[in-house]
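First the structure, in the form of structure tokens, and then the observations on it.
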Amino acid sequence: MTLEDLSVNERKEYNKEVYEKIFNITKKPEKILDLGCGLNPLYFPYKDIYYVATDTNQIVLKKIKKHFKKNKIKGEIFYLDIKDLNEIKKLNKVGIVFIFKVLDLLKKDKPTIIEIIKNLKTNFIVVSFATKTVYGKRMNYPRRKWFENIISPKYKYEIIRFFNETFYVIKK
1263 MTLEDLSVNE RKEYNKEVYE KIFNITKKPE KILDLGCGLN PLYFPYKDIY YVATDTNQIV
1323 LKKIKKHFKK NKIKGEIFYL DIKDLNEIKK LNKVGIVFIF KVLDLLKKDK PTIIEIIKNL
1383 KTNFIVVSFA TKTVYGKRMN YPRRKWFENI ISPKYKYEII RFFNETFYVI KK
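Position in the sequence shown (first residue = 1) + 1262 = the working numbering.
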């Protein structure tokens, strides 16, 4: 099992509840964009939402493409590096953008995070951060104050907490 598999599996038992809580805030969208999706689309419980899945891992993208075809899921799958601001600017408007467990990797590049959020054409962005490692250890800093400091001056947000992951639902 890869780290990516572990990351998605740890949410598996409460996956539907996560999306229900998100959609209670945002309403159920017609179209979702998942930046750095990993294997999330394989476990997304709604088949009636158009799903745009992007990642830099070609193997993951092939698995998702096969899953979409087999399960007749409408959507798009393509390579996208979240740090490529020119490509982010070209993306079409969607109801919600998911950025799950990705932004910790960009933490040292706060201006890029700000530009990503600013340039996404959407009503809501849902960002998540792990509160435990994939091996079950509690993280030293499970709350992401650095992220809250980036978004709080300009955007309103709500926090949804689960035992191993925190979700920020940002209203644009």
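Glycine included, C-beta positions come from ideal geometry on N, C-alpha and C.
C-alpha gap between residue i and residue j, whole angstroms
i: threonine 1318; j: proline 1415; result: 31 angstroms
i: arginine 1406; j: isoleucine 1361; result: 14 angstroms
i: leucine 1265; j: glycine 1300; result: Note that leucine 1265 has pLDDT 42, beneath the 50 cutoff, so the model's placement of it is unreliable and no number is given.
i: lysine 1425; j: isoleucine 1432; result: Residue identity differs from the one stated: residue 1425 is phenylalanine in this sequence, not lysine. Each residue's alpha carbon lies about 20 angstroms from the other.
i: tryptophan 1408; j: valine 1389; result: 13 angstroms
i: lysine 1434; j: phenylalanine 1340; result: 25 angstroms
i: leucine 1382; j: arginine 1423; result: 24 angstroms
i: lysine 1278; j: lysine 1332; result: 21 angstroms
i: threonine 1393; j: tyrosine 1276; result: 15 angstroms
i: asparagine 1411; j: phenylalanine 1306; result: 30 angstroms
i: glutamate 1349; j: threonine 1288; result: 25 angstroms
i: phenylalanine 1330; j: valine 1322; result: 12 angstroms
i: glycine 1298; j: arginine 1400; result: 23 angstroms
Neighbour-count burial assignment, residue i, 16 or more Cβ in a 10 Å radius
i: isoleucine 1376; result: exposed
i: lysine 1418; result: exposed
i: isoleucine 1379; result: buried
i: phenylalanine 1429; result: buried
i: asparagine 1302; result: buried
i: valine 1280; result: buried
i: aspartate 1296; result: buried
i: lysine 1363; result: buried
i: leucine 1342; result: buried
i: leucine 1367; result: exposed
Those residues which DSSP pairs with residue i across a bridge
i: threonine 1384; result: Val1356
i: glutamate 1427; result: Ala1392, Phe1424
i: lysine 1293; result: Tyr1312
i: glutamate 1410; result: Answer is none; glutamate 1410 lacks a bridge partner.
i: phenylalanine 1362; result: Ser1390
i: glycine 1337; result: Tyr1313
i: tyrosine 1419; result: Ile1432
i: arginine 1400; result: Lys1394
Cβ-Cβ separation, residue j to residue i (assumed contact under 8 angstroms), whole Å
i: tyrosine 1312; j: glutamate 1282; result: Actually they do not touch by this definition, with Cβ atoms about 19 angstroms apart.
i: phenylalanine 1386; j: isoleucine 1358; result: 5 angstroms
i: threonine 1374; j: lysine 1345; result: 6 angstroms
i: lysine 1325; j: leucine 1304; result: 7 angstroms
i: isoleucine 1294; j: valine 1356; result: 6 angstroms
Distance cut-off 7 angstroms: residue i Cβ against heavy atoms of the ligand FMN
i: isoleucine 1339; result: For the ligand FMN, the structure offers nothing, since it holds no ligand at all.
- Query: Do the stretch 1329-1341 and the stretch 1303-1311 make contact, defined as three or more Cβ pairs closer than 8 angstroms?
  - Reply: yes
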